[in-house]
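Residues are numbered in the working numbering as their position in the sequence shown, beginning at 1, plus a constant of 23. All residues carry an ideal CB built from backbone N, CA and C; glycine is no exception.
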Amino acid sequence: MLKKGTYPGSVIVFLVIGVGLLTVPLDLVVMHCFVDPVNGDSGFFCSFVYASVNTVDRRCLWKSLNIFKGIVKDMPWTILGDFNVCLDPSKRSCGSSKFTTAMADFRDCVEEIEVDDIAMTGLRFTWNKKPGREGGLLKKLDRVLGNSSFVSSFPSSFAHFLPYMLSDHSPAVIAIP
């Protein structure tokens, strides 16, 4: 059960001119949309995620993504945002190298919904425990995932992770040339 105050952050979405956006309201843990270019090019599903820091609460997100996969079927789909968990211990700058239950849950979800990281540039670690200071723990918590249909439909697409600005997270931009 999600509690008030569990999600203190936010997701900010900017779209370019020439793109229609249809939201698909299903739940509180993810915003699903269909991006429809007005020029007639192929559209795609896009899910914006802001996951809880709580492992048990994140399972609601994993379930929601699995349900939405049934709606998407074989259409192009990308999922981006703050997942608040690493996929594996190597996605952190220091600290424990233990594979946690939370990581296993996330990995299981990624495998079940058949997505993977799309090509990326920019920062490798997307979260900084001490932004603007030296020596902070760095982790890859933010991702841009895509299914095989997204990757084959938009083979030149990539995610660019910008430097930390107003947040301890690196903003992500999807480029679809």
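Q: From the DSSP output, read off the bridge partner residues of Ile199.
A: Partner(s): none; Ile199 has no beta bridge.
Q. Does the beta-carbon distance from Val108 to Leu84 come in below 8 Å?
A. no
Q: Pick helix, strand or coil for Asp147, following the three-state DSSP scheme.
A: Looking at the sequence shown, residue 147 is not Asp but Arg. Residue state, collapsed to three classes: coil.
Q) Would you report the Cα separation of Phe68 and Ile90, rounded to the nearest angstrom? A) Distance between Phe68 and Ile90, taken at the CA atoms: about 14 Å.
**Q.** Extent of the continuous alpha helix (DSSP H) to which Gly93 belongs
**A.** 78–95
(Q) Is the separation between the beta-carbon of Gly169 and that of Trp100 shorter than 8 Å? (A) yes
Q.
Are the CB atoms of Ile141 and Ser180 within a distance shorter than 8 Å?
A. yes
**Q.** 7 Å Cβ shell around Gly66 - same chain, five flanking residues per side excluded
**A.** So the list reads Phe57, Val58, Asp59, Pro60, once near-sequence residues are dropped.
Q. From this set, Leu164, Val196, Ile94, Thr144, which residue's C-alpha is nearest Lys152's C-alpha?
A. Leu164
**Q.** Best match in Thr149, Lys162, Asp191 for proximity to Ala182 [C-alpha to C-alpha]
**A.** Ranking Thr149, Lys162, Asp191 by Cα distance to Ala182 puts Thr149 first.
Q: Please report the Cβ distance between Ile102 and Val79, rounded to the nearest whole angstrom; I am assuming they are in contact, meaning their Cβ atoms lie under 8 Å.
A: No, Ile102 and Val79 are not in contact; Cβ-Cβ is about 20 Å, not under 8 Å.
Q) Tell me which same chain residues have a C-beta within less than 7 Å of the C-beta of Phe129, skipping the five on either side of it? A) Once the five neighbours on either side are set aside, the close Cβ partners of Phe129 are Phe106, Val108, Leu110.
Q. The beta strand (DSSP E) with Val133 in it runs from where to where?
A. Segment 124–135 is the alpha helix (DSSP H) holding Val133; no beta strand (DSSP E) there.
Q: Determine the direct distance from the alpha carbon of Leu161 to that of Ala198, and round the result to whole angstroms.
A: 24 Å
Q: Note down the Cα distance separating Arg202 from Asn62, rounded to an integer number of angstroms.
A: The chain is shown only over 24 to 200; residue 202 falls outside these bounds and no answer can be derived.
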